[in-house]
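Notes follow once the structure below has been shown.
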Amino acid sequence: MNTALLLLEIQNDYFPQGKMPLERSLEATQKAQAVLHAYRDKKQFVIHVQHISTRPDASNLLPCTKGAEFHPQVQPTKHELIIKKHYPNSFKDTTLLNTLIKNQINHLLICGMTTHLTIDATVRAAYDLGFSCSVLSDACATLDLQFEQEIISAQQVQHAFLAALQPTYATVMNTAQCLQRMGAKMQVATA
9 MNTALLLLEI
19 QNDYFPQGKM
29 PLERSLEATQ
39 KAQAVLHAYR
49 DKKQFVIHVQ
59 HISTRPDASN
69 LLPCTKGAEF
79 HPQVQPTKHE
89 LIIKKHYPNS
99 FKDTTLLNTL
109 IKNQINHLLI
119 CGMTTHLTID
129 ATVRAAYDLG
139 FSCSVLSDAC
149 ATLDLQFEQE
159 IISAQQVQHA
169 FLAALQPTYA
179 TVMNTAQCLQ
189 RMGAKMQVAT
199 A
């Protein structure tokens, strides 16, 4: 199995000083960083996906803003690929599919922001395109949502979306399980 690590939208606007802070974004990023270090140590394929909002009503992840930049803990290296996107589905109108095919990738290890949008849309699209996926439950973040005047907590949103992905669309595991399978240790550097 040829695996690529996909870090989705780990961008400044999703953190406490950003325009759309997510619940547990710092903790999720520390976990994503640990897996990123393990992938770098093993010289495995890493792709950073950056969302740039182009909708007229968008208020976050705007072009040429600090909020749209990658968080310092997961800054891409010059050898890692960056794919820019404008939709929740990371495959829509991007080079992601061609990149994965060109590099003979058939499995995606996915983490990042936001569980209820980009993680969900990307995993489902990847499945439809024939890829197997694993999602790192503690390296993803989301926020409270509202439905019919009821607030659904970020934790409930997280659990519901991850539960809906498994077992059909993805294997859901935590970072410690992933690192154990890789034979790597948890290393978290500070920003």
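My numbering puts the first residue of the sequence shown at 9, with every later residue one more than the last. In this text, a Cβ means the ideal position worked out from N, Cα and C, and glycines have one as well.
When the distance is taken between beta carbons, is H79 closer than 7 Å to L15? no
Following the continuous beta strand (DSSP E) through C148, name the residue where it begins and the one where it ends. That run of the beta strand (DSSP E) goes S140 to A149.
In whole angstroms, what is the alpha-carbon distance linking I118 and K50? 17 Å
Nearest-angstrom Cα separation, counted from L13 out to F53: Rounded to whole angstroms, F53 and L13 show a C-alpha spacing of 6 Å.
Classify F169 as helix, strand or coil using the three-state DSSP reduction. helix
Residue of I113, I91, Q112 and N114 minimising C-alpha distance to T103: I91
Using a threshold of 7 Å, state whether the C-beta atoms of K93 and H124 are closer than that. no
Is the beta carbon of N10 less than 7 Å from the beta carbon of N114? Contact flag set, yes.
Looking at C-alpha atoms only, which residue of S140, A178 and T122 is the closest neighbour of Q163? T122
Rounding to the nearest angstrom, what Cα-Cα distance links T62 and T179 in this structure? 32 Å
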